[in-house]
Structure formats: C-alpha cells, structure tokens
C-alpha cells in the first residue's frame, strides 16, 4: 500500500444538500474554535448536488479563511459526500458534521486529543443534544437516538460489538486509513434521497470499520448541538424516518454477525420484531397510530420485519434489469447476440416444451 503524505492534523468535513441557509452557523462555530493553536486543520464543505446558493455562501467565507475548501459531489447521498471528503482530506483524522450541527468551541481540540490518546479507536462519536424550534412530543426520549441525539453519560464509553449499539454519523470522527481500508466505494446504503428511502448509511460505515478490528468510542467532551426544526417532530416525518431505518435493518443486521450466523440471527430478529408489534398493539390498542412516538416505533418494527423481503425484491429486480432475456423482449441488439450464441433458441425451446 502506498504511503499517503498528510499536510495537516485534522479535517472537518461538512456534507450538505441545499444548505445555504444552514451552513453559515456551522462555519461560524468552526471559525471560533479554541485550543487549536498546535493543531493544523482544514474544513471541507462537500456540496451534494445542491440547487441553491450553497457554493456562493462558502465562497464568501473563503475570502478570509484559506483553510476552508469547497468540493462538489454530484451523486446524492450522505455516504457519497463523505466518501468524497475522505478522498480529499489532507489529514489522518476526519470529523464529520452535518449542516445543522453546531460544535462546541473545543470540539476540534477534544476530537484530536481523544484519538491521540486512544490509538486503537477508529471512530469516536459525540455527545449530541437537540436545539428545538418547538415542543417535543410526549415520550420523545424513546426515539431521540434516531434523530442523532446522543447522551451516553459523562464518561467515555466503549461501544462493544456485542451490544449492537453505535454512534450516528453526525459528530463522528474517523481515522482516514480505517475508513479507506474497510469501507467499500459503493456501499449498499448510500443515504436517503428523493429516489431512495433507505437510511442507516452511517451505521453501515461504522460496522465496516468495527468489523475491521477498530474500536468505536463515545467521547462526552466532544459536544454538538443538533438543530431540529418543528417539521422533523411531526407524525408524518417521524414515521417516514422510521420506515427508512426499518427497511435498512436487514443490511445492518447481517453486517453485525458472522456469515454462518446470518440465517439464525435473521429468524431471531423476525421473532423479536413480531413480539414488539404484538406488544405495541396490546399496550396501545387503537391509539397505536395516533401518538407520533408510538406510531413511529410501530412503523420501525413493521418495516424491520419486512426488510429481508424488501432486499430480496431489490436483488431480484437487479438481476432482471441486467438480464439479456429482458433486453431481448424489449428488442435491440441483445436479441441478435442471443440468437447467434444459440441461447435464444434454447430459451424458446424451453418455453415451448413447458407450454405443451
């Protein structure tokens, strides 16, 4: 493996899509960082195919901030924007912030300090609290982690693999070579977009790194505020969020176990999902769909149960879309190639014999 030459100690990467109205607050917080006199660091804003004035906002900040860089990633999805940042980073450590994350004044300092003190840590997660525009729903704490709100206490915490609990991508800091060596260029979960509902892309990334033998930690000294508008607390938004998380569960569940454990574990998860659905129906009865928290939990359990079937359907659709038989039925050159190779006549013969 070739040696990578680094020019600084730390990179902050901010993926954003149409974040012109949000990105300024994040950049201001980063510009005010304390305790970084002995740290050479940079900031990269990765524009994930925005259609607003995101680029212009970043250019305005760049006038007085030479360490601020701008990059464009046309393929939408948080994972692809993060992949772009990893390729561009000029440091061995990369911290990811969303465009609605406000880091504390010592976030950079504490991130670098923790990773220097924990050489086996490949990923560290932040303490994240919400900054809300409106009152949160009743029992909101039950689903807060799904909105990247994390409080694991006042002491550092090791995320043991057997616990099946991991930090979110917001406020996450990684070692660049841990990412490069373990995260595939084209992960299954790219991140929610207008054409893709699947979520949990950050968990897939973390699982790849954890499976590579790296430790995952929570660092309470890395504090982040997560701005959550009222729209993200509505019944419809929370249920749609949980639908995406639930449908992605097959992928994250099989990644967290050894191959020989795959089918027994999936069966155990299915039984547990059914148990949770039945328990919710018994406990909340007709009100199970009225309360936003209860309804979102029910949505999560239901779509988690459906997740294996959803992935099977996607797999079959991919096979069919690449099938020469489909192309033959639709007309065009593949038919000629099939006939020339004799495959077409074999298919016709087989279909004919089955119809007799």
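In our numbering, the protein residues as written are 22 to 377.
Think of the CB as a built atom: it goes at the ideal place given N, C-alpha and C, for glycine as much as any other residue.
Computed from a predicted structure; not experimentally measured.
**OP:** Run the CB neighbour count on residue 440, radius 10 Å, all protein chains shown included, and call it buried at 16 or more, exposed below.
**Re:** Examination of residue 440 is not possible in this model, given that the chain is present from 22 through 377 alone.
**OP:** Can you give me the Cβ contacts of residue 209 inside the same chain, cut-off strictly under 7 Å, excluding the 5 residues immediately before and after it?
**Re:** Sequence index remark: in the chain shown, residue 209 carries index 188 (1-based). The beta carbon of residue 209 sits closer than 7 Å to those of 225 and 272, all from its chain and outside the five residues before and after it, given in chain order.
**OP:** Output the boundary residues of the beta strand (DSSP E) element that contains residue 89.
**Re:** To locate residue 89, count along the chain shown from 1; it is residue 68. Here the beta strand (DSSP E) through residue 89 covers 89 to 93.
**OP:** Buried or exposed for residue 36, please, with buried defined as at least 16 other CB atoms from any protein chain shown within 10 angstroms of its CB.
**Re:** Within the chain shown, numbered from 1, the residue matching residue 36 stands at position 15. Buried.
Original post:
Would residue 164 pass as a contact of residue 148 if the rule is Cβ separation under 8 Å?
Top reply: Counted from its first residue, the chain shown places residue 164 at position 143. Counted from its first residue, the chain shown places residue 148 at position 127. Between residue 164 and residue 148, the CB-CB gap reaches or exceeds 8 Å.
Original post:
What are the boundary residues of the alpha helix (DSSP H) that includes residue 167?
Top reply: On the chain shown, residue 167 is found 146 positions in, with the first residue counted as 1. If you look at residue 167, you'll find it isn't in any alpha helix (DSSP H); DSSP assigns it neither H nor E.
Original post:
Leaving out five residues before and five after residue 276 in sequence, what residues of the same chain have Cβ atoms less than 6 Å from its Cβ?
Top reply: Position 255 of the chain shown holds residue 276. Excluding sequence neighbours, residue 276 sits near 228.
Original post:
DSSP state of residue 86, grouped into three classes?
Top reply: To locate residue 86, count along the chain shown from 1; it is residue 65. Reduced to three states, the DSSP call for residue 86 is coil.
Original post:
Does DSSP put residue 96 in a helix, in a strand, or in coil?
Top reply: Looking up residue 96 in the chain shown gives position 75. For residue 96, the three-state secondary structure derived from DSSP is coil.
**OP:** Taking residue 198 and residue 113 to be in contact with their CB atoms under 8 Å, please state how far apart those CB atoms are, rounded to whole angstroms.
**Re:** Taking the chain shown and counting its residues from 1, the one referred to as residue 198 is at position 177. Taking the chain shown and counting its residues from 1, the one referred to as residue 113 is at position 92. At roughly 7 Å, the Cβ-Cβ gap stays under 8 Å, so residue 198 and residue 113 are in contact.
Subject >> Candidates 42, 178 and 211: closest to residue 97 by CA position >> reply: Taking the chain shown and counting its residues from 1, the one referred to as residue 97 is at position 76. Cα-wise, what sits closest to residue 97 is 211.
Original post:
Measuring CB to CB, does residue 71 end up less than 8 Å from residue 39?
Top reply: Here residue 71 refers to the residue found at position 50 when the chain shown is read from its first residue. Here residue 39 refers to the residue found at position 18 when the chain shown is read from its first residue. Contact flag set, yes.
Original post:
Per DSSP, what kind of secondary structure is residue 73 in: helix, strand or coil?
Top reply: On the chain shown, residue 73 is found 52 positions in, with the first residue counted as 1. Residue state, collapsed to three classes: coil.
Original post:
Taking buried to mean at least 16 other C-beta atoms within 10 Å of its own C-beta, is residue 237 buried or exposed?
Top reply: As a working mapping, residue 237 is identified with position 216 in the chain shown. Answer is buried; the Cβ neighbour count reaches 16.
Original post:
In whole angstroms, what is the alpha-carbon distance linking residue 204 and residue 316?
Top reply: Here residue 204 refers to the residue found at position 183 when the chain shown is read from its first residue. Here residue 316 refers to the residue found at position 295 when the chain shown is read from its first residue. When the Cα atoms are used, residue 204 and residue 316 turn out to be separated by approximately 34 Å.
**OP:** Within the same chain, show all residues whose beta-carbon is closer than 6 Å to that of residue 127, passing over the 5 residues directly before and after it, in chain order.
**Re:** Translated into positions along the chain shown, residue 127 becomes position 106. Contacts found: 55 and 56.
Original post:
Considering only the beta carbon of each residue, do residue 31 and residue 60 sit closer than 8 Å?
Top reply: As a working mapping, residue 31 is identified with position 10 in the chain shown. As a working mapping, residue 60 is identified with position 39 in the chain shown. For residue 31 and residue 60, yes; Cβs fall inside 8 Å.
Subject >> CA-to-CA distance, residue 319 to residue 302, given in whole angstroms >> reply: Position 281 of the chain shown, counted from the first residue, corresponds to residue 302. Position 298 of the chain shown, counted from the first residue, corresponds to residue 319. CA-to-CA, the gap between residue 302 and residue 319 works out to about 9 Å.
**OP:** Round the Cβ separation of residue 325 and residue 270 to the nearest angstrom and send it over; I've been treating them as touching at under 8 Å.
**Re:** Residue numbering aside, residue 325 sits at position 304 when the chain shown is read from its first letter. Residue numbering aside, residue 270 sits at position 249 when the chain shown is read from its first letter. With a contact defined as Cβ atoms closer than 8 Å, residue 325 and residue 270 qualify at about 4 Å.
**OP:** Report the rounded CA-to-CA distance for residue 234 versus residue 103, giving the unit in angstroms.
**Re:** Against the chain shown, residue 234 aligns to sequence position 213. Against the chain shown, residue 103 aligns to sequence position 82. It is roughly 21 Å from the alpha-carbon of residue 234 to the alpha-carbon of residue 103.
Original post:
Between the C-alpha atoms of residue 193 and residue 120, what's the straight-line distance to the nearest angstrom?
Top reply: Here residue 193 refers to the residue found at position 172 when the chain shown is read from its first residue. Here residue 120 refers to the residue found at position 99 when the chain shown is read from its first residue. Separation of residue 193 and residue 120 (C-alpha to C-alpha, rounded to the nearest whole angstrom) is 13 Å.
**OP:** Determine the contact status of residue 78 and residue 200, defining contact as a CB-CB distance below 8 Å.
**Re:** Locating residue 78 in the chain shown gives position 57, where the first residue counts as 1. Locating residue 200 in the chain shown gives position 179, where the first residue counts as 1. At the C-beta level, residue 78 and residue 200 stay beyond 8 Å of one another.
Subject >> Distance between beta carbons of residue 159 and residue 299, contact taken as under 8 Å >> reply: Here residue 299 refers to the residue found at position 278 of the chain shown. Here residue 159 refers to the residue found at position 138 of the chain shown. Not a contact, Cβ separation roughly 23 Å.
Original post:
Cβ of residue 419 within 8 Å of Cβ of residue 186?
Top reply: Nothing in the structure corresponds to residue 419, since the chain is present only between 22 and 377.
**OP:** Assuming residue 41 and residue 73 form a contact by the criterion Cβ under 8 Å, report the distance between their Cβ atoms to the nearest whole angstrom.
**Re:** Against the chain shown, residue 41 aligns to sequence position 20. Against the chain shown, residue 73 aligns to sequence position 52. Indeed, because the Cβ distance is near 4 Å, the residues count as touching under 8 Å.
Original post:
Can you name the start and end residues of the alpha helix (DSSP H) that residue 124 belongs to?
Top reply: Walking along the chain shown from the start, residue 124 turns up at place 103. Counting along the chain, residue 124 falls outside any alpha helix (DSSP H), though it belongs to the beta strand (DSSP E) covering 122 to 124.
**OP:** Note down the Cα distance separating residue 83 from residue 220, rounded to an integer number of angstroms.
**Re:** As a working note, residue 83 is residue 62 in the chain shown. As a working note, residue 220 is residue 199 in the chain shown. C-alpha of residue 83 to C-alpha of residue 220: approximately 32 Å in a straight line.
Original post:
Using DSSP with H/G/I as helix, E/B as strand and the rest coil, what is residue 222?
Top reply: Numbered from its first residue, the chain shown carries residue 222 at position 201. Residue 222: helix per DSSP, three-state reduction.
Subject >> Local conformation of residue 301 per DSSP, three classes >> reply: The residue you call residue 301 lines up with position 280 of the chain shown. Collapsing the DSSP output to three states places residue 301 in a helix.
Original post:
Any idea what DSSP makes of residue 329, helix, strand or coil?
Top reply: What you label residue 329 is simply residue 308 of the chain shown in a count that begins at 1. Helix at residue 329.
**OP:** Less than 8 Å between the CB atoms is what I'm expecting for residue 250 and residue 154, so what's the real figure, rounded?
**Re:** Translated into positions along the chain shown, residue 250 becomes position 229. Translated into positions along the chain shown, residue 154 becomes position 133. Indeed they touch by this definition, with Cβ atoms about 5 Å apart.
Subject >> Spatial distance of residue 184 from residue 278 (CA atoms) >> reply: What you label residue 184 is simply residue 163 of the chain shown in a count that begins at 1. What you label residue 278 is simply residue 257 of the chain shown in a count that begins at 1. Spanning the two alpha carbons is a distance of roughly 12 Å.
Original post:
Quick one: what's got a C-beta closer than 8 Å to residue 287's C-beta in the same chain, skipping five residues either side?
Top reply: Within the chain shown, the letter at position 266 stands for residue 287. 271, 274, 275 and 329.
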